[in-house]
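Asker: Mind looking over this structure? Questions follow.
2 protein chains.
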Amino acid sequence: MENKLAVQLLSSIAQEARLEIFRLLVQAGAEGLAAGAIGEKLKIPASTLSFHLKELSFAGLISSRQVSRFIYYSANYEAMNGLLAYLTENCCAGQQGCCSDLTCDTTMKEIES
Amino acid sequence: MENKLAVQLLSSIAQEARLEIFRLLVQAGAEGLAAGAIGEKLKIPASTLSFHLKELSFAGLISSRQVSRFIYYSANYEAMNGLLAYLTENCCAGQQGCCSDLTCDTTMKEIES
DNA sequence: ACATTATTTCTATATTTATGGAAATATAGA
DNA sequence: TCTATATTTCCATAAATATAGAAATAATGT
Chain A
120 MENKLAVQLL SSIAQEARLE IFRLLVQAGA EGLAAGAIGE KLKIPASTLS
170 FHLKELSFAG LISSRQVSRF IYYSANYEAM NGLLAYLTEN CCAGQQGCCS
220 DLTCDTTMKE IES
Chain B
120 MENKLAVQLL SSIAQEARLE IFRLLVQAGA EGLAAGAIGE KLKIPASTLS
170 FHLKELSFAG LISSRQVSRF IYYSANYEAM NGLLAYLTEN CCAGQQGCCS
220 DLTCDTTMKE IES
C-alpha cells in the first residue's frame, strides 16, 4: 500500500463520528445499515452524516447500495485489512515484540479455539 | 482501548509527515534518531518538525530522551500494538475474512519461518 | 401528477490543523 | 563567559475539516 493511501484511510477513521459509524457498520455485517438508521442510532444530523459517509466512501472503507428509497452502507473489510497489513509491515516491521506479540497472539487464539 | 484514545492515535499518524516520521523511527529501532537527523532526512523545517514530534509524543506513539545537546526520539511499539489490537477487535471483530485472513496469515508465516 | 420519505448538495460559519520564520531556551566546549 | 549548535516556543497566516440548516434531488406509492 502506498503511503498516501494509508494516510487517507487513517484520516477517514481518525475522527470520532466516523470511527463510530465504521464500527457500527462492522457490527451490522454484510447487510449494512441505511443512512437514516445510522443517523438515528448515533444522533447525527442528516447533512453531517452524509458528509462523513462520503468521506468514508471516498477512502474506500465503506460501500453503498440503494434499496428502494434507502441507501444501505456497509463496511469494506478488505480495505481495513489492507490498512492493518500496512501498519503491521511498515510501522512494526522487523520489531519483534510489536505485531507478533499482541495482534497475532490474539488472532491465533481465535483460530485455535 | 477507549474510542477517543484510538482517534487520538489514529489522528497522530493520519498525516503524511507524521506517518513518515513514525516509520523512520520504527526503522531506527530502540536507539531512535535525533530531531535534527529526522528533519534532515525528511526535509522538514525545524519548527514544523517540532510541531509534529510534539503531536506524536502527546499521543504516546513516540518517546524522547536527551543525549547531550541532542534529543533522541524513538517509536513506542506498545502504543502501536494497542492501536492494532483495537482496530482488530473493534473494526473487524467476528468478521472472518478480516483480520484472520491477512494480518494473521502474514504474521503466522513470519513465526513459522 | 402529487404527496411522502430518504438522502444528498449547497451554503455559510466555526473550528482545528499545518506551515515556517524569528526569537527564545538549553547544552556543551573553548 | 562567550560562542556554537540543537531544539523548542511564539506568532501570524494559510489551509483543511467539521457542523448543520435549508433547498434540491431521488424513489416510491396513490
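So the protein lines, in turn, are chains A and B.
First residue of the first sequence: 120, per the working numbering; consecutive thereafter.
First residue of the second sequence: 120, per the working numbering; consecutive thereafter.
Just so you know, even glycine gets a beta-carbon here, dropped at the ideal spot from N, CA and C.
Remember, it's a predicted structure, so these values are computed and weren't measured experimentally.
(1) Whose C-beta lies closer than 8 Å to the C-beta of B/Gln-185 among residues of the same chain, with five residues either side of it excluded?
(2) Is the shortest distance between the beta-carbon of A/Lys-123 and the beta-carbons of chain B less than 8 Å?
(3) Taking 8 Å as the cut-off, does the region 165-175 of chain A touch the region 126-144 of chain A (at least 3 CB pairs, one atom from each stretch)?
(4) Going by other Cβ atoms of all chains shown within 10 Å of its Cβ, with 16 needed for buried, is A/Met-199 buried or exposed?
(5) Output yes if chain A places a C-beta closer than 8 Å to the C-beta of B/Ser-193; else output no.
(6) Does the distance from the CB of B/Leu-129 to the CB of B/Leu-180 come in under 8 Å?
(7) Which residue from A/Glu-208, A/Asn-209, A/Ala-204 puts its Cα closest to that of B/Thr-207?
(8) Name, please, each residue of chain B whose Cβ falls closer than 7 Å to the Cβ of A/Ser-130.
(9) Check whether the Cβ of A/Met-199 lies closer than 8 Å to any Cβ atom in chain B.
(10) Can you give me the start and stop residues for the beta strand (DSSP E) that A/Ile-190 sits inside?
(11) Taking the alpha-carbon of A/Arg-188 as reference, which of A/Gln-146, A/Ala-156, A/Ser-176 has the nearest alpha-carbon?
(12) Kindly list, in the order they appear in chain A, the residues whose Cβ is closer than 7 Å to that of B/Phe-141.
(13) Give me the Cα-Cα distance between B/Glu-121 and B/Cys-211, rounded to the nearest whole angstrom.
(14) Does DSSP put A/Ala-178 in a helix, a strand or coil?
(15) Taking CB distances under 8 Å as the criterion, tell me whether A/Thr-167 reaches chain B.
(16) Taking DSSP as the reference, what is the three-state secondary structure of A/Gln-185?
(17) Could you tell me which of B/Leu-172, B/Ala-147, B/Tyr-196, B/Ser-183 sits nearest to B/Ser-131, measuring between CA atoms?
(18) Distance, Cα to Cα, A/Leu-124 vs A/Phe-177?
(19) What first and last residue would you give for the alpha helix (DSSP H) that runs through A/Ala-133?
(20) Which whole-angstrom value is the C-beta distance of B/Leu-143 and B/Lys-160, which I expect to be below 8 Å?
(21) Keeping to the same chain, check which residues put their C-beta closer than 7 Å to that of B/Asn-195; ignore five residues upstream and five downstream.
(22) With a threshold of 8 Å between beta-carbons, can A/Leu-161 be considered close to chain B, or not?
(23) Compute the Euclidean distance between the alpha carbons of A/Ala-149 and B/Ala-147, then round it to the nearest angstrom.
Answerer: Quick answer:
(1) Sequence-distant partners of B/Gln-185 (beyond 5 residues in either direction) whose C-beta falls short of 8 Å from its own C-beta, in its chain, are Tyr-191.
(2) yes
(3) yes
(4) buried
(5) no
(6) no
(7) A/Ala-204
(8) Ala-133
(9) yes
(10) It spans 189-194 - the beta strand (DSSP E) in which A/Ile-190 sits, taken as one unbroken run.
(11) The candidate whose alpha carbon is nearest that of A/Arg-188 is A/Ala-156.
(12) Cys-210
(13) Whole-angstrom Cα-Cα distance: 16 Å.
(14) Three-state result, A/Ala-178: helix.
(15) no
(16) strand
(17) B/Leu-172
(18) Distance between A/Leu-124 and A/Phe-177, taken at the CA atoms: about 11 Å.
(19) Careful: A/Ala-133 lies outside any alpha helix (DSSP H) and carries neither H nor E.
(20) 6 Å
(21) Gly-179, Leu-180, Ile-181, Ser-182
(22) Not an interface residue.
(23) 41 Å
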